[in-house]
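Chemist: All residue numbers for the sequence shown refer to my numbering, where the first residue is 6 and numbers rise by one. A virtual CB, placed ideally from N, CA and C, is assigned to each residue, including glycine.
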Amino acid sequence: MIDLLLGVIYAVSWWYSYEKLSMKLALALVVVISTWGKLMFAATSRDITKPKSPPPPPPPPFPTPETMPGLVLVYGFDNAASYSKFIGDLQNKLKDPKRSYFEVPMIRSYPRLQYMYVELKSAAEYTITLAIRMYDLYVDKDKDIGYEFIKTEARLLLIVIQMVSEAIRFKYIEDKIKDNFSDGYTPDPRALDLEKNWEKLTEVIMAANPQTGEIPKKELDNLKLSNPDGTPQNIQDVYDIIGDMGLLKYIAASSSLLAIM
């Protein structure tokens with residue numbers, strides 16, 4: 006009997022302890038859930054009441070012809086005469102009518118990122134649009150041709166640069182392309198030297214005596230050009246080079262030069 010009574014007392018004590026523990030656990034669980042809910046609500050409220058910063062805008066795409074000034078549409082040229090007229094039209098568009106040296110005009114002062122778009126169209130209706138930076142006459146591109154262009158396309162781009170950009174700069178190159186229009190033209194050593202020295206040639210021509218054409222010795226010493234066969238050219242005065250020029254690169258004139266012009 007005593008054993009039974011002790012067993013009942015133990016059972017009641019265990020149950021009472023279990024109930025207290027369960028209540029404690031339940032209360033702890035309620036506190037945890039309540040705290041988590043408050044934190045989530047606070048975070049959500051901040052997202053709702055505080056506007057998020059807009060994402061940074063994507064980089065602007067390469068400008069399209071429709072959005073840029075100075076678009077020139079050219080419907081192709083199929084002979085030397087039409088090619089020469091095409092180059093002349095572009096030169097007239099780019100030149101500064103108020104600045105010339107020894108009757109060779111200089112290009113205008115253009116912003117660095119202003120383009121002239123030139124659309125070339127073949128007889129088969131294939132087209133290619135060139136983006137020419139107007140301040141230096143370089144053909145620009147929206148891709149790295151070293152990785153994005155296949156070999157044939159890269160070669161085509163080099164040909165186009167020769168036939169358009171370099172021919173605008175240099176009458177020598179324009180004449181060579183025109184004279185070999187049907188058979189094709191490979192740049193000779195003189196053409197390559199001209200291409201590499203456009204700015205230097207402009208400086209030399211600007212520094213030449215406007216009456217005699219004499220070039221200062223310090224300018225001549227820094228200018229090295231080749232003849233078509235690769236032999237060094239002996240430059241005596243500005244008239245040995247002026248006939249090769251189509252347009253001069255833009256260089257700001259000093260006050261003394263402006264007084265002469």
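1) Taking arginine 174 as the reference, which of Leu253, Lys223 and Lys90 has the closest Cα?
2) Cutting at 8 Å between CB atoms, please list the residues of its own chain near leucine 225, excluding the five before and the five after it.
3) May I ask you to report which of helix, strand or coil DSSP gives proline 116?
4) Need the endpoints of the beta strand (DSSP E) that isoleucine 133 sits in, please.
5) Where does the unbroken beta strand (DSSP E) through proline 102 begin, and where does it stop?
6) Tell me, please, which residues DSSP counts as bridged to serine 231.
7) Please classify arginine 195: is it buried, with 16 or more other beta-carbons within 10 angstroms of its beta-carbon, or exposed?
8) Reducing DSSP to helix, strand and coil, say where proline 194 ends up.
9) Would you tell me roughly how many angstroms separate the C-alpha atoms of glycine 251 and lysine 176, rounded to the nearest one?
10) So, for aspartate 249: in the same chain, excluding its five sequence neighbours on each side, which residues have a beta-carbon less than 7 Å away from its beta-carbon?
11) Who are valine 243's beta bridge partners in DSSP?
12) Put phenylalanine 91 into one of helix, strand or coil per three-state DSSP.
13) Take leucine 142 as the anchor and find which of Glu130, Tyr122, Asp245 and Tyr131 has the nearest alpha-carbon.
14) What is the C-beta distance between tyrosine 88 and lysine 183, in whole angstroms, given that I count them as a contact (C-beta under 8 Å)?
15) Using a Cβ-Cβ cutoff of less than 6 Å, which residues in the same chain neighbour arginine 117 once the five nearest sequence positions on both sides are dropped?
16) Hey, could you find the ends of the alpha helix (DSSP H) aspartate 183 is sitting in?
17) How would you label tyrosine 244, buried or exposed, when you count the other beta carbons within 10 angstroms and need 16 or more for buried?
18) At which residues does the alpha helix (DSSP H) containing valine 169 begin and terminate?
19) Please report the distance separating the alpha-carbon of asparagine 97 from that of glutamine 167.
20) Can you tell which of Ala212, Ala86 and Gln216 has its C-alpha closest to the C-alpha of lysine 222?
21) What residues in its chain sit with their C-beta under 7 Å from that of glutamate 219, if we drop five residues either side in the sequence?
22) Between leucine 206 and isoleucine 256, how many whole angstroms is the CB-CB distance? I'm expecting something under 8 Å.
Modeler: In terms of the structure at hand:
1) Taking the first residue of the sequence shown as 1, we reach residue 174 at position 169. Among Leu253, Lys223 and Lys90, the Cα nearest to that of arginine 174 is on Leu253.
2) Position 220 of the sequence shown, counted from the first residue, corresponds to residue 225. Val209 and Ile240, listed in sequence order.
3) For this step, residue 116 is matched to residue 111 along the sequence shown. The answer is coil: DSSP assigns proline 116 none of H, G, I, E or B.
4) Along the sequence shown, read from residue 1 onward, the residue named residue 133 stands at position 128. Its beta strand (DSSP E) spans residues 132 to 138.
5) Locating residue 102 in the sequence shown gives position 97, where the first residue counts as 1. Segment 100 to 106, the beta strand (DSSP E) holding proline 102.
6) Taking the first residue of the sequence shown as 1, we reach residue 231 at position 226. DSSP, once it has assigned bridges, lists Pro237 as partnering serine 231.
7) Reading the sequence shown from its first residue, position 190 is the one you call residue 195. The residue in question, arginine 195, is buried, as its Cβ has 16 or more Cβ neighbours within 10 Å.
8) Your numbering for residue 194 matches position 189 in the sequence shown. The answer is helix: DSSP assigns proline 194 an H, G or I state.
9) Residue mapping note: residue 251 aligns to position 246 of the sequence shown, counting from 1. Residue mapping note: residue 176 aligns to position 171 of the sequence shown, counting from 1. Distance between the alpha carbons of glycine 251 and lysine 176: 5 Å.
10) As a first step, residue 249 is located in the sequence shown; it is residue number 244 there, counting from the start. Closer than 7 Å at Cβ, skipping near neighbours: Phe175, Lys176, Tyr177 and Leu199.
11) Your numbering for residue 243 matches position 238 in the sequence shown. In DSSP, valine 243 forms no bridge with anything.
12) Residue numbering aside, residue 91 sits at position 86 when the sequence shown is read from its first letter. If DSSP states are grouped into helix, strand and coil, phenylalanine 91 belongs with the helices.
13) On the sequence shown, position 137 is the one that residue 142 refers to. Nearest C-alpha to leucine 142: Tyr122.
14) Within the sequence shown, the letter at position 83 stands for residue 88. Within the sequence shown, the letter at position 178 stands for residue 183. 6 Å between Cβ atoms; contact.
15) For the purposes of this step, residue 117 is taken as the residue at position 112 of the sequence shown. Hits under 6 Å: Tyr140.
16) Taking the first residue of the sequence shown as 1, we reach residue 183 at position 178. Per the sequence shown, residue 183 should be read as lysine rather than aspartate. 176 to 184 is the extent of the alpha helix (DSSP H) around lysine 183.
17) If you number the sequence shown from 1, residue 244 lands on position 239. Counting the other Cβ atoms within 10 Å of the Cβ of tyrosine 244 gives fewer than 16, which makes it exposed.
18) As a working mapping, residue 169 is identified with position 164 in the sequence shown. Valine 169 -> no alpha helix (DSSP H), and no H or E assigned at all.
19) Residue 97 sits at position 92 when you count from the first residue of the sequence shown. Residue 167 sits at position 162 when you count from the first residue of the sequence shown. As the crow flies, the alpha-carbon of asparagine 97 is around 19 Å from that of glutamine 167.
20) Your numbering for residue 222 matches position 217 in the sequence shown. It is Ala212 whose Cα lies nearest to the Cα of lysine 222.
21) Looking up residue 219 in the sequence shown gives position 214. Scanning its chain for C-beta atoms nearer than 7 Å, with the 5 sequence neighbours on each side dropped, one finds around glutamate 219 the residues Ala213 and Asp242, in chain order.
22) Residue numbering aside, residue 206 sits at position 201 when the sequence shown is read from its first letter. Residue numbering aside, residue 256 sits at position 251 when the sequence shown is read from its first letter. Actually they do not touch by this definition, with Cβ atoms about 11 Å apart.
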